[in-house]
Amino acid sequence: MSGPPPPAAPRLGQRVALASLYAILQRAILRGVGLVSTVILARLLTPEDFGIIGVAAVVQTALEGLTSTGFGLALIRMREPQRVHYDTAFTLTVLRGLVVAGGIAGTSWWQAAFMGEPRVAPVMWVMALTALIQSLESIRMFDLQRDLRFDTLLRYHVLQKLAGFAAVIPLAFWLRSYWALVLASALARLLSIPLSYRLAPHRPRFTLGAWREFFHFSKWLFLGNISAIIHQQMMNLVIGRLQGMEAVGLYQIAYQIAALPISEIAAPLGQPAYAGFARVRHERRELVRYVLAGLALQWLVILPLSAGVALTAREVTLVFLGARWTALVPLMPIVAMFALFDALAGYLANLF
Numbered sequence: 041m042s043g044p045p046p047p048a049a050p051r052l053g054q055r056v057a058l059a060s061l062y063a064i065l066q067r068a069i070l071r072g073v074g075l076v077s078t079v080i081l082a083r084l085l086t087p088e089d090f091g092i093i094g095v096a097a098v099v100q101t102a103l104e105g106l107t108s109t110g111f112g113l114a115l116i117r118m119r120e121p122q123r124v125h126y127d128t129a130f131t132l133t134v135l136r137g138l139v140v141a142g143g144i145a146g147t148s149w150w151q152a153a154f155m156g157e158p159r160v161a162p163v164m165w166v167m168a169l170t171a172l173i174q175s176l177e178s179i180r181m182f183d184l185q186r187d188l189r190f191d192t193l194l195r196y197h198v199l200q201k202l203a204g205f206a207a208v209i210p211l212a213f214w215l216r217s218y219w220a221l222v223l224a225s226a227l228a229r230l231l232s233i234p235l236s237y238r239l240a241p242h243r244p245r246f247t248l249g250a251w252r253e254f255f256h257f258s259k260w261l262f263l264g265n266i267s268a269i270i271h272q273q274m275m276n277l278v279i280g281r282l283q284g285m286e287a288v289g290l291y292q293i294a295y296q297i298a299a300l301p302i303s304e305i306a307a308p309l310g311q312p313a314y315a316g317f318a319r320v321r322h323e324r325r326e327l328v329r330y331v332l333a334g335l336a337l338q339w340l341v342i343l344p345l346s347a348g349v350a351l352t353a354r355e356v357t358l359v360f361l362g363a364r365w366t367a368l369v370p371l372m373p374i375v376a377m378f379a380l381f382d383a384l385a386g387y388l389a390n391l392f
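For the sequence shown, my numbering gives the first residue as 41, with consecutive numbering after it.
Here it is as structure tokens:
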């Protein structure tokens, strides 16, 4: 006698929705830990400390953006990636890590001289090492996104964030300087590498057997990467050059707080959206339906939240950061509204 029929597999839309919930939950947890960390660090460190980190990270962000060729995105779009694809992507990622690390270390003294801040150089050396460590992450982590397994990704990123939090607070109490932020980030990256191989097992081999397929996909992203770098980092350079490290620190903290609705709700929808779009990219009606539904959801949720942050900027600053940070109050409404419209544009980038 046959048993009951197996339950129907969830539809793609349901899987994308569930993955989006996990992505939002992940970002909420990460931001919650980050906010607690920021509130504590804001009372232990100075705006200048945050400014040094912001300026030191400009070159790293620029190099990572310029060399972000989308190998993981290519793996997600493939119907059935083979071993050679994973190994080639890993090899190219490690080579990219070497280029980024060399670029950061090689430009450290130039950046320090340009900004008139010698403390930036040694910070960039540690950032170079951190970038190289990050390139060793299991390439199979992209399978988790490809298969919409965002529950596993949640565990990975939360554990990584908690490792950083567990390191940065004691270091801040001990060092009382920007070095707490630098060293904690490097330690968290180092601990995340073995975790990535536990969650997404893979024994990588160095090969370039499928490099043509990856470069055919990624060559069109280069100009977009340049635009993104200018968009993300030019403000730090301009402010740092004209107003100094303290002004950069104020801008960094203002953006972290004022862009909360975007970073916690709008941004996490990007990865599940891309994975869903990739599965129906040849079915135009379904693709249009997913895009419009995602835009409607974002507008409905993040508009009132962004407006709320803008209207309560003074209260949020005084309660969470203290009177020393009142210079943030006029900045936060502007940043909140900018982040809102920037997020809506960023969502459509997944479609392109």
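Yeah, the Cβ is synthetic: ideal placement off N, Cα and C, and Gly gets one too.
Handout entry: Assigned secondary structure, D89 (DSSP; H/G/I helix, E/B strand, else coil)
Key = Here DSSP, grouped into helix, strand and coil, assigns D89 to helix.
Practice task
Mark L103 as exposed unless 16 or more other C-beta atoms lie within 10 angstroms of its C-beta, in which case mark it buried.
Solution key: buried
Handout entry: Proximity test, Cβ basis, 8 Å: W165 and chain D
Key = Protein chains in the displayed structure number just one, and chain D is not present.
Exercise for the section: Give me the Cα-Cα distance between R229 and T170, rounded to the nearest whole angstrom. Expected result: The alpha-carbon atoms of R229 and T170 are separated by roughly 7 Å.
Practice task
May I ask you to verify whether the segment 294–312 touches the segment 336–352, counting CB pairs closer than 8 Å and requiring at least 3?
Solution key: yes
Exercise for the section: Assign R186 to buried or exposed, taking buried as 16 or more other Cβ atoms, counted over all protein chains shown, within 10 Å of its Cβ. Expected result: buried
Practice task
Would you check if the distance between the CB atom of Y314 and the CB atom of D191 is smaller than 8 Å?
Solution key: no
Exercise for the section: Work out the CA separation of L84 and A220 for me, nearest whole Å. Expected result: 10 Å
Practice task
Could you check what DSSP says for T133 in three-state terms: helix, strand or coil?
Solution key: helix
Exercise for the section: Using three-state DSSP, classify A299 as helix, strand or coil. Expected result: coil
Handout entry: Cβ pair count under 8 Å reaching 3, the segment 173–183 against the segment 237–257
Key = yes
Problem - M253: first and last residue of the uninterrupted alpha helix (DSSP H) it sits in - result: According to the sequence as given, residue 253 is Glu; it is not Met. Note, E253: alpha helix (DSSP H), W251 to S258.
Problem - Beta-carbon proximity check, N265 vs S148, cutoff 8 Å - result: no
Handout entry: For A224 and V375, the rounded distance between their alpha carbons
Key = 27 Å
Handout entry: Inter-residue Cα distance where the pair is V11 and V328
Key = Given a span of 41 to 392 for the chain in the structure shown, any question on residue 11 remains unanswerable.
Practice task
Check V369 in the structure and name its three-state DSSP category.
Solution key: coil
Handout entry: G362 classed as buried or exposed, judged by whether at least 16 other C-beta atoms fall within 10 angstroms
Key = exposed
Handout entry: Terminal residues of the alpha helix (DSSP H) in which D191 lies
Key = F190 to L215
Handout entry: Beta carbon of V341 nearer than 8 Å to that of T357
Key = Taking C-beta atoms as the reference points, V341 and T357 fail to come closer than 8 Å.
Practice task
Return the first residue and the last residue of the alpha helix (DSSP H) that A307 is part of.
Solution key: Unbroken run through A307: none, as it is neither H nor E.
Practice task
Could you work out which residue in V320, W339, L388 and A383 is closest to R51 when comparing CA atoms only?
Solution key: V320
Handout entry: Simplified DSSP assignment, three categories, for A228
Key = helix
Problem - Nearest-angstrom beta carbon gap, L371 and G8 [assumed within contact, 8 Å] - result: Given that the chain is displayed from residue 41 to residue 392, the structure contains no residue 8 and the question cannot be resolved.
Practice task
For P121, I'd like the list of residues in its chain whose CB is within less than 8 Å of its CB, leaving aside the five on either flank, ordered along the chain.
Solution key: Counting only Cβ-Cβ distances below 8 Å, and skipping sequence neighbours, we find L115.
Practice task
Taking only the alpha-carbon atoms, compute the straight-line gap between D89 and Y218 and give it to the nearest angstrom.
Solution key: 5 Å
Exercise for the section: Quick one: grab the DSSP three-state call for H125. Expected result: helix
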